[in-house]
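Q:
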Amino acid sequence: MSEKQPISAESLVEVMKDSALIRLVTIIDITSMSVLELLASGFTRQEVSRALAKGVIAYEAGAPHEETVGEAFESGDFFFRMLNTKVRLTELGLYVLDCIKSPEKCQLSELGGSFDTSTFHPPGGPAV
């Protein structure tokens, strides 16, 4: 089993800026869901893939695979297994969930430095 790696401030800030990943974290919460359930919840395949790539979620029992690509496409089982594979929040995903549920525990300004709001113009507000 791999060692636990500390959560970097950069990866946390990057995930916290992605509204699709925030929504995904709040929907999965502490349970696990199948990829099909995530797609049925309105997530796109790209959003699920991005969450997997950024380490926010992980397959519960390893990624589904076949011995050969030909067998996978001929049988159709690969897609069925992939859609029914459960995903769960990783340590990063659980930390993001904690930040969402109790912001006082997670001070993003301390982790990522101060956010530059000088170019922020609220909708309907005057541009400076």
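In case it helps, the numbering used here puts the sequence shown at residues 943 to 1070. Ideal Cβ positions, reconstructed from N, Cα and C, are used throughout, including at glycine.
Among ILE970, VAL967, SER974, GLU979, which residue has its Cα nearest to the Cα of PHE1022?
A: That would be GLU979, whose Cα lies nearest to the Cα of PHE1022.
Q: Assuming VAL1038 and VAL957 form a contact by the criterion Cβ under 8 Å, report the distance between their Cβ atoms to the nearest whole angstrom.
A: Yes, they are in contact, since the Cβ atoms of VAL1038 and VAL957 sit about 6 Å apart, within 8 Å.
Q: So what does ILE999 bridge to, in DSSP terms?
A: LEU1031
Q: Can you tell me whether DSSP reads SER976 as helix, strand or coil?
A: Strand, per DSSP.
Q: Tell me whether PRO948 counts as near the ligand ADP, meaning its Cβ is closer than 6 Å to at least one heavy atom of that ligand.
A: Annotation note on the ligand ADP: not contained in the displayed structure, which lists no ligands.
Q: If you draw a straight line from the alpha carbon of ALA962 to that of PHE985, how long is it in whole angstroms?
A: 8 Å
Q: Can you give me the C-alpha to C-alpha distance between LEU1034 and LEU966, rounded to a whole angstrom?
A: 13 Å
Q: Mapping the DSSP letters down to three states, classify CYS1048 as helix, strand or coil.
A: If DSSP states are grouped into helix, strand and coil, CYS1048 belongs with coil.
Q: Taking ILE929 as part of the alpha helix (DSSP H), name the residues at either end of that continuous run.
A: Residue 929 lies beyond the range of the chain shown here (943 to 1070); nothing can be said about it.
Q: Is the Cβ-Cβ distance between ILE999 and LEU1031 less than 7 Å?
A: yes
Q: Kindly indicate which three-state DSSP category PHE985 falls into: helix, strand or coil?
A: coil
Q: Distance check for ARG987 and ALA995, CA to CA, integer angstroms please.
A: 12 Å
Q: Could you compute how far the alpha carbon of LYS1043 sits from the alpha carbon of SER983?
A: 21 Å
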